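Enquirer:
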Amino acid sequence: MMTLSERAERTASVTDARVRTLQSAYRRDVSGAVSTLAQLRRGVGTEFGHNFTLMGIALDGVNDDLTAPRAAEAEGPSPEERAFFAALTLYATHQQSHRDKSMHQSGYSVGRSSRMLSSRYNVESTRARFTALGTAVTWDETLHHARGLIQQLRAAGVPLDYAAFARDLFDIQTGHADRVRLRWGRAFYRTPVTDDTTETAQA
33 MMTLSERAER TASVTDARVR TLQSAYRRDV SGAVSTLAQL RRGVGTEFGH NFTLMGIALD
93 GVNDDLTAPR AAEAEGPSPE ERAFFAALTL YATHQQSHRD KSMHQSGYSV GRSSRMLSSR
153 YNVESTRARF TALGTAVTWD ETLHHARGLI QQLRAAGVPL DYAAFARDLF DIQTGHADRV
213 RLRWGRAFYR TPVTDDTTET AQA
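Here it is, written out as structure tokens:
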């Protein structure tokens, strides 16, 4: 039996691998990847498993079994599936039209990316969106505010670490929302070691 920490790390690892595969192909203008991301964008905010086509697209090439049923979760998607699918569809929204830059980059947590966004965008608007995401109570509310924030990140060209985000989404569902909020808040309000107002590196 895997611990919650091991399950969270597996969710992050599977998400990272799937997003990097799509990102590489999209940036090389591979037609299949372009079509895949377009379809995944339509899945933002929907439940994993409600659309068989999107379910198949999301899991294409995924070798790790995120879909193994567990007794307590047999009636619906597992926290792994929900976190993976939400991160993947939101990434598809974030990467849209960015052929010259990788929107999935390691080290860019929700807190750090939101702080960068506030330096390029309206500070109060960013803080309001960040706060709304951090205080969301339900899963649907979390996805709604995440989508709004990621649309702002996309417009400003600010990346996000989707592996870390998937881990956060897993933790939110499994009783560790306060720990996630603490991570996000520390990254948002701390004094940056590096100059995050400059152009980000190309991954």
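Quick note, in my numbering, the sequence shown goes up one by one and the last residue is 235.
All residues carry an ideal CB built from backbone N, CA and C; glycine is no exception.
Please read these numbers as outputs of a predicted model, since none were measured by experiment.
#1: Out of Arg-131, Pro-111, Gly-108 and Thr-43, which one is the CA nearest neighbour of Leu-69?
#2: Alpha carbon to alpha carbon, how far is Gly-180 from Ala-188? Give it in angstroms, no decimals.
#3: Taking the alpha carbon of Phe-162 as the reference point, which residue from Leu-201, Gly-217, Pro-111 and Asp-193 has its own alpha carbon closest?
#4: Give me the residue from Ala-124, Gln-128 and Ala-164 with the minimum Cα distance to Gly-143.
#5: Below 8 Å on the Cβ atoms is my guess for Ala-196 versus Ala-44; work out the distance and round it to an integer in Å.
#6: Quick one, which of Gln-137, Glu-173 and Val-169 has its alpha-carbon nearest Thr-53's?
#7: Return the Cβ separation of Thr-47 and Phe-116 in integer angstroms, given the expectation that the two are a contact with Cβ distance under 8 Å.
#8: Using alpha carbons as the reference points, say which of Gly-64, Arg-114 and Pro-191 lies closest to Arg-39.
#9: Quick one, which of Leu-36, Thr-78, Arg-60 and Arg-59 has its alpha-carbon nearest His-176's?
#10: For a test of the three-state rule: what should DSSP assign to His-130, helix, strand or coil?
#11: If contacts are defined as beta-carbon pairs under 8 Å, then Ser-145 and Leu-192 qualify, I think. What distance do you get, rounded to the angstrom?
#12: My output table needs one value for His-82: the three-state DSSP class, helix, strand or coil.
#13: Thinking just about the alpha-carbon of each residue, which of Val-190, Ala-168, Ser-134 and Leu-185 is nearest to the one in Arg-213?
#14: Ignore the nearest five residues each way along the sequence and tell me which others in Leu-98's own chain have a CB closer than 8 Å to its CB.
#15: Could you check what DSSP says for Leu-98 in three-state terms: helix, strand or coil?
#16: So what's His-136 in DSSP terms, helix, strand or just coil?
#17: For Leu-36, is the classification buried or exposed, using 16 other Cβ atoms within 10 angstroms of its Cβ as the cut-off for buried?
Expert: Based on what the coordinates show:
#1: Indexing the sequence shown from 1 puts residue 69 at position 37. Considering only alpha carbons, the answer is Arg-131.
#2: Translated into the one-based positions of the sequence shown, residue 188 becomes position 156. Translated into the one-based positions of the sequence shown, residue 180 becomes position 148. When rounded, the distance between both Cα atoms is 13 Å.
#3: The sequence position of residue 162 within the sequence shown is 130, counting from 1. It is Gly-217.
#4: As a working mapping, residue 143 is identified with position 111 in the sequence shown. Gly-143 has its Cα closest to that of Ala-164, out of Ala-124, Gln-128 and Ala-164.
#5: Taking the first residue of the sequence shown as 1, we reach residue 196 at position 164. Taking the first residue of the sequence shown as 1, we reach residue 44 at position 12. Going by Cβ atoms, the distance from Ala-196 to Ala-44 rounds to 7 Å, so yes, they are a contact pair.
#6: If you number the sequence shown from 1, residue 53 lands on position 21. The shortest C-alpha separation from Thr-53 is found at Gln-137.
#7: As a position in the sequence shown, residue 47 is number 15, starting the count at 1. As a position in the sequence shown, residue 116 is number 84, starting the count at 1. Contact holds; Cβ gap of about 5 Å.
#8: Numbered from 1 along the sequence shown, position 7 holds the residue referred to as residue 39. Per the Cα distances, Arg-114.
#9: In the sequence shown, residue 176 corresponds to position 144, counting from 1. Ranking the options by Cα distance to His-176, first place goes to Thr-78.
#10: Here residue 130 corresponds to residue number 98 of the sequence shown, with the count starting at 1. Residue state, collapsed to three classes: coil.
#11: Start at 1 with the first residue of the sequence shown, and residue 145 comes out as number 113. Start at 1 with the first residue of the sequence shown, and residue 192 comes out as number 160. Contact holds; Cβ gap of about 5 Å.
#12: Taking the first residue of the sequence shown as position 1, residue 82 is located at position 50. It is coil, neither helix nor strand.
#13: As a working note, residue 213 is residue 181 in the sequence shown. When each option's Cα is compared against that of Arg-213, the closest is Ala-168.
#14: By one-based count along the sequence shown, residue 98 stands at place 66. Taken in chain order, the residues that qualify are Arg-42, Thr-43, Val-46, Leu-91, Ser-110, Glu-112, Glu-113 and Phe-116.
#15: Taking the first residue of the sequence shown as position 1, residue 98 is located at position 66. In this structure, Leu-98 counts as coil in the three-state DSSP scheme.
#16: Within the sequence shown, numbered from 1, the residue matching residue 136 stands at position 104. Correct three-state label for His-136: strand.
#17: Taking the first residue of the sequence shown as 1, we reach residue 36 at position 4. Answer is exposed; the Cβ neighbour count stays below 16.
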